[in-house]
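Asks:
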Amino acid sequence: MAGATGTKAAAAGSSSGGGRRLVIVESPKKARMIAGFLGAGYVVESSFGHIRDLPKGADEIPAKYKGLPWARLGVNIEDHFDPLYVVPADKKAQIRKLKDLLKDADELFLATDEDREGEAIAWHLLDELKPKVPVKRMVFHEITPKAIQDAVGAARDINESLVDAQEARRILDRLYGYEVSPVLWKKVMPKLSAGRVQSVAIRMVVDRERDRIAFRTASYWDLDAKLDAGEGKTPRIFPSRLVSVDSRRVAQGRDFASTGELKSGTTVHLDESTATALAAALRDSTFKVRSIESKPYTRKPYAPFRTTTLQQEAGRKLNMSASQTMQIAQRLYENGNITYMRTDSVTLSDTAITAARAQVRELYGASYLPDKPRVYTSKVKNAQEAHEAIRPAGENFQTPAQTGLSGAEYRLYELIWMRTIASQMKDAAGNSVSIKIDAKASTGENCEFTSSGRVITFHGFLKAYVEGADDPSAETDDRETQIPDVSEGDLLPATEVLASGHETKPPARFTEATLIAQLEEREIGRPSTYASILGTIQARGYVYKKGTALVPAWLAFAVVRLLEQHFTRLVDYTFTASMEDILDEVAAGNLQREGVLGGFYFGDGDTEGLQSMVTDLGDIDAREMSTFPVGGDDSGVVVRVGRYGPYVEDKDERRANVPEDLPPDELTVEKAQELLEQPSGVEHELGNAPDTGLKVVAKAGRFGPYVTEVLPEDAPKGAKPRTGSLLKSMQLDSIGLDDAMKLLSLPRVVGKDPESGDEITAQNGRYGPYLKKGTDSRSLTSEDQMFEITLEEALKIYSEPKQRGRRAAAPPLKELGEDPESGQPVVVKEGRFGPYVTDGETNATLRKDDSVETISLLRAAELLADKRARGPVKKKAPAKKAPAKKTAAKKTAAKKTAAKKTAAKKTAAKKAPAKKTAAKKTAAKKS
Numbered sequence: 006m007a008g009a010t011g012t013k014a015a016a017a018g019s020s021s022g023g024g025r026r027l028v029i030v031e032s033p034k035k036a037r038m039i040a041g042f043l044g045a046g047y048v049v050e051s052s053f054g055h056i057r058d059l060p061k062g063a064d065e066i067p068a069k070y071k072g073l074p075w076a077r078l079g080v081n082i083e084d085h086f087d088p089l090y091v092v093p094a095d096k097k098a099q100i101r102k103l104k105d106l107l108k109d110a111d112e113l114f115l116a117t118d119e120d121r122e123g124e125a126i127a128w129h130l131l132d133e134l135k136p137k138v139p140v141k142r143m144v145f146h147e148i149t150p151k152a153i154q155d156a157v158g159a160a161r162d163i164n165e166s167l168v169d170a171q172e173a174r175r176i177l178d179r180l181y182g183y184e185v186s187p188v189l190w191k192k193v194m195p196k197l198s199a200g201r202v203q204s205v206a207i208r209m210v211v212d213r214e215r216d217r218i219a220f221r222t223a224s225y226w227d228l229d230a231k232l233d234a235g236e237g238k239t240p241r242i243f244p245s246r247l248v249s250v251d252s253r254r255v256a257q258g259r260d261f262a263s264t265g266e267l268k269s270g271t272t273v274h275l276d277e278s279t280a281t282a283l284a285a286a287l288r289d290s291t292f293k294v295r296s297i298e299s300k301p302y303t304r305k306p307y308a309p310f311r312t313t314t315l316q317q318e319a320g321r322k323l324n325m326s327a328s329q330t331m332q333i334a335q336r337l338y339e340n341g342n343i344t345y346m347r348t349d350s351v352t353l354s355d356t357a358i359t360a361a362r363a364q365v366r367e368l369y370g371a372s373y374l375p376d377k378p379r380v381y382t383s384k385v386k387n388a389q390e391a392h393e394a395i396r397p398a399g400e401n402f403q404t405p406a407q408t409g410l411s412g413a414e415y416r417l418y419e420l421i422w423m424r425t426i427a428s429q430m431k432d433a434a435g436n437s438v439s440i441k442i443d444a445k446a447s448t449g450e451n452c453e454f455t456s457s458g459r460v461i462t463f464h465g466f467l468k469a470y471v472e473g474a475d476d477p478s479a480e481t482d483d484r485e486t487q488i489p490d491v492s493e494g495d496l497l498p499a500t501e502v503l504a505s506g507h508e509t510k511p512p513a514r515f516t517e518a519t520l521i522a523q524l525e526e527r528e529i530g531r532p533s534t535y536a537s538i539l540g541t542i543q544a545r546g547y548v549y550k551k552g553t554a555l556v557p558a559w560l561a562f563a564v565v566r567l568l569e570q571h572f573t574r575l576v577d578y579t580f581t582a583s584m585e586d587i588l589d590e591v592a593a594g595n596l597q598r599e600g601v602l603g604g605f606y607f608g609d610g611d612t613e614g615l616q617s618m619v620t621d622l623g624d625i626d627a628r629e630m631s632t633f634p635v636g637g638d639d640s641g642v643v644v645r646v647g648r649y650g651p652y653v654e655d656k657d658e659r660r661a662n663v664p665e666d667l668p669p670d671e672l673t674v675e676k677a678q679e680l681l682e683q684p685s686g687v688e689h690e691l692g693n694a695p696d697t698g699l700k701v702v703a704k705a706g707r708f709g710p711y712v713t714e715v716l717p718e719d720a721p722k723g724a725k726p727r728t729g730s731l732l733k734s735m736q737l738d739s740i741g742l743d744d745a746m747k748l749l750s751l752p753r754v755v756g757k758d759p760e761s762g763d764e765i766t767a768q769n770g771r772y773g774p775y776l777k778k779g780t781d782s783r784s785l786t787s788e789d790q791m792f793e794i795t796l797e798e799a800l801k802i803y804s805e806p807k808q809r810g811r812r813a814a815a816p817p818l819k820e821l822g823e824d825p826e827s828g829q830p831v832v833v834k835e836g837r838f839g840p841y842v843t844d845g846e847t848n849a850t851l852r853k854d855d856s857v858e859t860i861s862l863l864r865a866a867e868l869l870a871d872k873r874a875r876g877p878v879k880k881k882a883p884a885k886k887a888p889a890k891k892t893a894a895k896k897t898a899a900k901k902t903a904a905k906k907t908a909a910k911k912t913a914a915k916k917a918p919a920k921k922t923a924a925k926k927t928a929a930k931k932s
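Residues 6 to 932 in this note's numbering are what the sequence shown lists, from first letter to last.
#1: Using three-state DSSP, classify Ile-491 as helix, strand or coil.
#2: Nearest to Asp-251 by alpha carbon, out of Gly-458, Asn-451, Ile-529 and Leu-742?
#3: Which stretch, first to last residue, makes up the alpha helix (DSSP H) that contains Ala-504?
#4: According to DSSP, which residues form a beta bridge with Gln-768?
#5: Could you round the C-beta distance between Leu-742 and Pro-726 to whole angstroms and report it? I think they count as a contact, below 8 angstroms.
#6: What is the rounded straight-line gap between the Cα of Pro-888 and the Cα of Val-842?
#7: On the criterion of 16 or more Cβ atoms from any shown chain inside 10 Å, does Phe-792 qualify as buried, or is it exposed?
#8: What whole-angstrom Cβ distance do Pro-309 and Tyr-381 have, given they're in contact under 8 angstroms?
#9: By Cβ distance, which residues of its chain are closer than 8 angstroms to Leu-374, with the 5 residues on each side in sequence left out?
#10: Which of the three DSSP states, helix, strand or coil, is assigned to Trp-226?
#11: Since Pro-825 and Val-833 should fall inside the 8 angstroms C-beta cutoff, what is the C-beta to C-beta distance between them, to a whole number of angstroms?
#12: State yes or no: is the C-beta of Thr-149 within less than 8 angstroms of the C-beta of Gly-409?
#13: Go ahead and pull the three-state DSSP assignment for Ala-361.
#14: For the alpha helix (DSSP H) that Ala-98 lies in, which residues bound it at each end?
#15: Distance, Cα to Cα, Gly-650 vs Asn-662?
#16: Assign Val-754 to one of two classes, buried (16 or more other C-beta atoms within 10 Å of its C-beta) or exposed (fewer than that).
#17: Quick test of the definition: if touching needs 3 or more C-beta pairs under 8 angstroms, does the region 621 to 632 touch the region 187 to 200?
#18: Tell me the DSSP secondary structure of Ser-439 in three-state form.
#19: Using the three-state DSSP reduction, which class does Tyr-841 fall into: helix, strand or coil?
#20: Going straight from the alpha carbon of Pro-757 to that of Thr-780, what length do you get?
#21: Measuring alpha carbon to alpha carbon, tell me which residue in Thr-264, Arg-253 and Ser-278 is nearest Gly-270.
#22: So what does DSSP say about His-146, is it helix, strand or coil?
#23: Would you call the region 581 to 595 and the region 173 to 180 in contact, with 3 or more CB pairs under 8 angstroms?
#24: Taking just the CA atoms, how far does Gly-637 sit from Gly-412?
#25: Hey, would you say Leu-503 sits closer than 8 angstroms to Asp-289, going by beta carbons?
#26: Have a look at Lys-777 and Pro-752 and give me their C-alpha separation to the nearest angstrom.
#27: Assuming Ala-187 is part of the alpha helix (DSSP H), what are its boundary residues?
#28: Could you compute how far the alpha carbon of Lys-441 sits from the alpha carbon of Ala-262?
#29: Val-211 to Glu-658, Cα distance in whole Å?
#30: What's the C-alpha gap between Lys-879 and Ala-849?
#31: Only counting the same chain, and skipping five residues up and downstream in sequence, which positions put a Cβ closer than 7 angstroms to that of Pro-877?
#32: State the start and end residues of the unbroken beta strand (DSSP E) segment that holds Lys-322.
#33: Which ranges would you report for the beta strand (DSSP E) in the region 335 to 383 if only whole runs of at least 3 residues count?
#34: For Gly-435 versus Thr-462, is the C-beta distance shorter than 8 angstroms?
#35: Does the pairing of the region 692 to 704 with the region 673 to 681 give three or more beta-carbon distances under 8 angstroms?
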């Protein structure tokens, strides 16, 4: 454990007569690393992230404040927007531990992250621990021995402007979410959420899908000619493309509007017949080189990574989501491999530049090293240049092979290392050539063709790194296209002239990478929050992935429409971006937190405030908000967002559920009619089951077509009908009773294993047909095998070694960090009986009051420790379980008592803003 490591170091220090210093960081892994660098005289302990926050629910509001009109917000809007901070139940034990450690300390170092969030955690620790010893704020951007030692020597006071900025952002988000979300509950669907940046991100995804729905495809044709440069030329045959006919440019995809119409009448729109005829008229024509333009090509290196560019590039090259990228980067940072990963700076320190240049010289040679170091400055507005770009840690960079890393951590480190090294290399250089070629068709048209190429004569930084592209068809920077050395006036016979047709494409859906780029381009939100925002909009069901594309659910359309019509300013791109500027002014100390919050909530001059928006809603037609015409207003078909999902409805009030994986732009009138012909819930009666006499019906369900028995009205309350999903080879409108009975016979008992006596069954599962014997499952190769496989054949399958890795294990729902006891990474997974936490050795199911979204590492560690302690007892006779329950009950009671005491203490300490300010000033003095 980190604390144990630190305590031993402190004991060693005390014996030598030195003072003892308590250092507090956020995570146990970070604590262990830093404890090893500081050595004797230091106790290093973790806070497990934030130690207090605004109350998450009514049960966390202290009794003193319950019933007050503002209590549900956790912010006293009547008194200077004073926040009501509470210590969550799962953090109280850690707070007690920190206070106990502080009793034996002579000095306190608050070593949380160097960003606003870290500054706020440091202030909360100071305010909650109330130390009576000197306090210092210790910051660093990499976890290396030198960086940590330097940070101790350069400790400073807490930056109250940064704390104010974080607090203003937190309160702003709380007011937005807690005031707007209830409107969504009433008018769209219960349990929905709205967020200041989250809702704008959803609007972006919805706007893009609206563009796709409105898009009308246009077709166009062009000509490609393969020309012969003659013997001795390399390459001899090279491609060219038609660009104009009789001095009028040939229309390409970019020349068409989203309506399918040409933007300009000056271009030539070739259709299939025209293009085919022109190609035939050019096959025997002479192609003559009119001009050759050659110019030097130069490409400068890309800047080192900042948070958003790392997320984008990891998505393109490594197929990682933004949240995966940040989780892995967090581990690399805490392990001392890279610098701090939440940064909007592209600046490299002098030490880093020296290290990068040394590695360039060593790995690529002096010819790849520019005479002077390259210096990068951020183009991001209000970038914090005091921070560094994301780079390998240390004064001497380790190559990926030297790190000892593996898997995803290795790949991400390699990406960061390559990008950093490349940023200090020479430009790539070469030549680009463009040739214009004339040809006269036999039908009289004067045609111009063009051919272009690029040759890289010096690869420079491209030797180390080539950036990916969001468009799979886009050329990469290292792409070379060679064309032959020809001269003006050369005659080039055509070996082939082909007409080819194309269609315009709707705007591409956002991927995580492109949505992050768009948010940053519009200056909406902070780069450090993008990963969590993308995770939230997917977890809440507003957006889902189809491949890598982000697709909005119809639920998102309903939410965005309501917000656009009744909370217009709150989802306005410009307004949301301007709020970031305002919060940056608070961080700089140029604006006061209270004034900013007051203007947002109560309004300012002609600008309406949030309170007025949610109070004076007028008549919102909930049905109208959730109804969207399919294929135009006069189609007679609409899609509605219902409590149980979206469904289509026609003018005859026929209804059918919309499949969850059908993107909105693919819901055409024709598709809607198809769904209405086989609506979910409409039964196709097949006959009576021969064995039970019950009626058997076929239905189209939310998760696909299936057959089931219809139970009589007087059936026992717990009775369940036999049900079976249709096989891939079956159709709902053609299935008969015989096929239905085969499905209802599943799972089919194949026989018993003569050795173990276990029953072997053939079943149809989510991932296809399989055999099951106890807990051992084996896949079958076809659906027919479920009905035909014999016991002998099944035993043969079980006699063979089980194939591992045929399907990737489901990824964890959440990664929490390392368990303080086992040192192993703790993750949340979905299990047969619900979500659980595991460190790879011990599993613990989440309790009733726990949730995947809110569970912390500390709470997970408690569950795992409790499971380890209870493990052996669980295997004993049932009589032994009673004391465990009794103990648990006592423990709960004790916790409740403690909670009440803490709440009472907290509420007593919680006063007007003046006291809060005083606390901050005191903190500054103590440090």
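Ideal placement from N, C-alpha and C gives every residue a C-beta, glycine not left out.
Replies: To lay it out plainly:
#1: By one-based count along the sequence shown, residue 491 stands at place 486. Note on residue identity: the sequence assigns Val, not Ile, to residue 491. Three-state DSSP puts Val-491 in coil, outside helix and strand.
#2: Residue 251 sits at position 246 when you count from the first residue of the sequence shown. Out of Gly-458, Asn-451, Ile-529 and Leu-742, Asn-451 has the C-alpha closest to the C-alpha of Asp-251.
#3: In the sequence shown, counting from the first residue as 1, residue 504 sits at position 499. That residue, Ala-504, is in no alpha helix (DSSP H); its beta strand (DSSP E) goes 496 to 508.
#4: Here residue 768 refers to the residue found at position 763 when the sequence shown is read from its first residue. Bridge partners of Gln-768: Tyr-775.
#5: Here residue 742 refers to the residue found at position 737 of the sequence shown. Here residue 726 refers to the residue found at position 721 of the sequence shown. Contact flag wrong, Cβ pair sits at about 15 angstroms.
#6: Along the sequence shown, read from residue 1 onward, the residue named residue 888 stands at position 883. Along the sequence shown, read from residue 1 onward, the residue named residue 842 stands at position 837. Because Pro-888 sits at a pLDDT of 44, beneath the cut-off of 50, its placement in the model cannot be relied upon, and the following sentence gives the value as read from the coordinates. If I take the Cα positions, the gap works out to 25 angstroms.
#7: Looking up residue 792 in the sequence shown gives position 787. Its Cβ having fewer than 16 others within 10 Å, Phe-792 is exposed.
#8: Within the sequence shown, the letter at position 304 stands for residue 309. Within the sequence shown, the letter at position 376 stands for residue 381. Yes, they are in contact, since the Cβ atoms of Pro-309 and Tyr-381 sit about 7 angstroms apart, within 8 angstroms.
#9: One-based indexing of the sequence shown puts residue 374 at position 369. The answer, listed in chain order, is Arg-362, Val-365, Arg-366, Gln-429, Met-430 and Lys-431.
#10: Counting from one through the sequence shown, the residue named residue 226 turns up at place 221. Of the three classes helix, strand and coil, the one that applies to Trp-226 here is strand, per DSSP.
#11: The residue given as residue 825 occupies position 820 in the sequence shown. The residue given as residue 833 occupies position 828 in the sequence shown. Actually they do not touch by this definition, with Cβ atoms about 17 angstroms apart.
#12: Sequence index remark: in the sequence shown, residue 149 carries index 144 (1-based). Sequence index remark: in the sequence shown, residue 409 carries index 404 (1-based). The answer is no: Cβ separation not under 8 angstroms.
#13: Counting from 1 along the sequence shown, the entry for residue 361 is found at position 356. It is helical.
#14: Here residue 98 refers to the residue found at position 93 of the sequence shown. First-last of the alpha helix (DSSP H) with Ala-98: 97 to 108.
#15: Along the sequence shown, read from residue 1 onward, the residue named residue 650 stands at position 645. Along the sequence shown, read from residue 1 onward, the residue named residue 662 stands at position 657. If I take the Cα positions, the gap works out to 7 angstroms.
#16: On the sequence shown, residue 754 is found 749 positions in, with the first residue counted as 1. It is exposed - the Cβ of Val-754 has fewer than 16 other Cβ atoms within 10 Å.
#17: yes
#18: If you number the sequence shown from 1, residue 439 lands on position 434. Of the three classes helix, strand and coil, the one that applies to Ser-439 here is strand, per DSSP.
#19: In the sequence shown, counting from the first residue as 1, residue 841 sits at position 836. Correct three-state label for Tyr-841: strand.
#20: If you number the sequence shown from 1, residue 757 lands on position 752. If you number the sequence shown from 1, residue 780 lands on position 775. What sits at residue 757 in the sequence shown is Lys, not Pro. In a straight line, the C-alpha of Lys-757 is about 14 angstroms away from that of Thr-780.
#21: For the purposes of this step, residue 270 is taken as residue 265 along the sequence shown, with counting starting at 1. Ranking Thr-264, Arg-253 and Ser-278 by Cα distance to Gly-270 puts Arg-253 first.
#22: In the sequence shown, residue 146 corresponds to position 141, counting from 1. Of the three classes helix, strand and coil, the one that applies to His-146 here is coil, per DSSP.
#23: yes
#24: By 1-based counting over the sequence shown, the position of residue 412 is 407. By 1-based counting over the sequence shown, the position of residue 637 is 632. Cα to Cα, the separation comes out at about 50 angstroms.
#25: As a working note, residue 503 is residue 498 in the sequence shown. As a working note, residue 289 is residue 284 in the sequence shown. No, they are not a contact pair.
#26: For the purposes of this step, residue 777 is taken as the residue at position 772 of the sequence shown. For the purposes of this step, residue 752 is taken as the residue at position 747 of the sequence shown. Spanning the two alpha carbons is a distance of roughly 9 angstroms.
#27: Position 182 of the sequence shown, counted from the first residue, corresponds to residue 187. One point to set straight first is that residue 187 is Pro, not Ala, in the sequence displayed. Start and end: 165 to 192.
#28: Position 436 of the sequence shown holds residue 441. Position 257 of the sequence shown holds residue 262. Roughly 28 angstroms separates the two Cα atoms.
#29: Position 206 of the sequence shown, counting from 1, holds the residue named residue 211. Position 653 of the sequence shown, counting from 1, holds the residue named residue 658. The alpha-carbon atoms of Val-211 and Glu-658 are separated by roughly 27 angstroms.
#30: In the sequence shown, residue 879 corresponds to position 874, counting from 1. In the sequence shown, residue 849 corresponds to position 844, counting from 1. In this prediction, Lys-879 has a pLDDT of 41, which is less than 50 and means its spatial position is unreliable; what the coordinates show is noted afterwards. Inter-residue distance for Lys-879 and Ala-849 is about 13 angstroms (C-alpha atoms, whole angstroms).
#31: In the sequence shown, the residue the question calls residue 877 occupies position 872. Its pLDDT being 47, under 50, Pro-877 is placed unreliably by the model, and nothing is read from it.
#32: Position 317 of the sequence shown holds residue 322. Element bounds for Lys-322: not the beta strand (DSSP E) but the alpha helix (DSSP H), 312 to 323.
#33: Listed in chain order, the beta strand (DSSP E) runs fully inside the region 335 to 383 amount to none, counting runs of at least 3 residues.
#34: Translated into positions along the sequence shown, residue 435 becomes position 430. Translated into positions along the sequence shown, residue 462 becomes position 457. Yes, the Cβ-Cβ distance between Gly-435 and Thr-462 is below 8 angstroms.
#35: no
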